[in-house]
Amino acid sequence: TEALPEYRRRLQMLRDDDLPRFEARFKELLNKETINSMAAFQAHLQKRKHEIEEKIRIINTSLRSIEYDRGLGTYIELVSLATPDVEVRDFQTTLRACISGDGSGEFYTEQKFLQVKELVERLAGREGQADLDARWAAKVTDVRNWFEFGATERWRADDTEREFYRDSSGKSGGQKEKLAYTILAAALAYQFGL
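Using the numbering used here, the first residue of the sequence shown is number 900, and each one after it goes up by one.
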């Protein structure tokens, strides 16, 4: 009871300083900045994804100039496909969910903040799961893992597809080697500006 007057005085100071308003503003800024940072992170990953797609486009320009099957009039074109890897796809979905609105008009909600917090903790490595989380983070944030690649052999005459190659499955050793060397030649031509 002796301390009661001191507690009342401190409570009045908090009211006078309008601490609840500052607390709400702090929370709003924290949530907004956290989500903005996640949006910047996603934009960075998307930029890396587009860079890979652009490099494939340039390599395809080189590939188009190489006759793949002499006498048949075909060329090879690299095709990038979205990976079927569940961890990568779940990460992409979670990241999109972290920065999208919930339809209520209230974007910066406690729920959204907790969603972002959970993802950030996993990316940073949760206690007791740091090694597992580090492998997961390296995998899902390496944009090269967002793709699966194939190659299509196309007719020069009309650009229609003659055959589609995925992981060189079903091809003889010589056919696989020929496909690999053709793509390697185009990549080297791109890399060295030939």
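Positions of the beta carbon are idealized from the N, C-alpha and C atoms, including for glycine.
Since we're looking at a predicted model, the values are computed, not measured.
Roughly how many whole angstroms lie between the Cα atoms of T973 and E966?
As a working note, residue 973 is residue 74 in the sequence shown. As a working note, residue 966 is residue 67 in the sequence shown. Taking the straight line joining both Cα atoms gives about 6 Å.
Among residues of its own chain, excluding the 5 on either side of Q1014, which ones have a beta-carbon nearer than 7 Å to its beta-carbon?
By one-based count along the sequence shown, residue 1014 stands at place 115. Taken in chain order, the residues that qualify are A996 and C997.
Taking DSSP as the reference, what is the three-state secondary structure of Y974?
Your numbering for residue 974 matches position 75 in the sequence shown. DSSP places Y974 in strand when its eight states are reduced to three.
Determine the direct distance from the alpha carbon of V987 to that of W1035, and round the result to whole angstroms.
If you number the sequence shown from 1, residue 1035 lands on position 136. If you number the sequence shown from 1, residue 987 lands on position 88. Their backbone Cα atoms lie some 9 Å apart in a straight line.
Hey, could you find the ends of the alpha helix (DSSP H) R1034 is sitting in?
Residue numbering aside, residue 1034 sits at position 135 when the sequence shown is read from its first letter. Segment A1029 to T1040, the alpha helix (DSSP H) holding R1034.
I think T982 touches F1046, with their Cβ atoms under 8 Å apart; what is that distance to the nearest whole Å?
As a position in the sequence shown, residue 982 is number 83, starting the count at 1. As a position in the sequence shown, residue 1046 is number 147, starting the count at 1. Indeed, because the Cβ distance is near 6 Å, the residues count as touching under 8 Å.
Let me know if A1085 comes out buried or exposed under the rule of 16 or more other beta-carbons within 10 Å of its beta-carbon.
Taking the sequence shown and counting its residues from 1, the one referred to as residue 1085 is at position 186. Flag for A1085 reads buried.
What are the boundary residues of the beta strand (DSSP E) that includes T1051?
In the sequence shown, residue 1051 corresponds to position 152, counting from 1. Taken as a continuous stretch (DSSP letters only), the beta strand (DSSP E) holding T1051 covers F1046 to W1054.
Buried or exposed: M937, going by 16 or more other Cβ atoms within 10 Å of its Cβ?
Counting from 1 along the sequence shown, the entry for residue 937 is found at position 38. Counting Cβ neighbours within 10 Å, M937 comes out buried, since at least 16 surround it.
Suppose the cutoff is 8 Å on Cβ atoms and the five residues either side in sequence are ignored; what does the same chain contact list for I1082 look like?
As a position in the sequence shown, residue 1082 is number 183, starting the count at 1. Taken in chain order, the residues that qualify are I958, L962, I975, L977 and A1050.
Please return the same chain residues whose Cβ sits closer than 8 Å to the Cβ of R1043, not counting the five positions on each side in sequence.
Here residue 1043 corresponds to residue number 144 of the sequence shown, with the count starting at 1. Correct list, in chain order: I951.
Check whether the Cβ atoms of L1018 and L994 lie closer than 8 Å to each other.
Reading the sequence shown from its first residue, position 119 is the one you call residue 1018. Reading the sequence shown from its first residue, position 95 is the one you call residue 994. Cβ distance < 8 Å, so L1018 and L994 count as in contact.
Can you tell me whether K1011 is buried or exposed? The criterion is at least 16 other CB atoms within 10 Å of its CB, across all chains shown.
The count along the sequence shown starts at 1 and reaches residue 1011 at position 112. Buried is the call here.
Which first and last residues belong to the alpha helix (DSSP H) in which R969 is found?
In the sequence shown, counting from the first residue as 1, residue 969 sits at position 70. Segment: none, R969 is in no alpha helix (DSSP H) and carries neither H nor E.
What's the call for V985, buried or exposed, on a 16-neighbour Cβ count within 10 Å?
Counting from one through the sequence shown, the residue named residue 985 turns up at place 86. The residue in question, V985, is exposed, as its Cβ has fewer than 16 Cβ neighbours within 10 Å.
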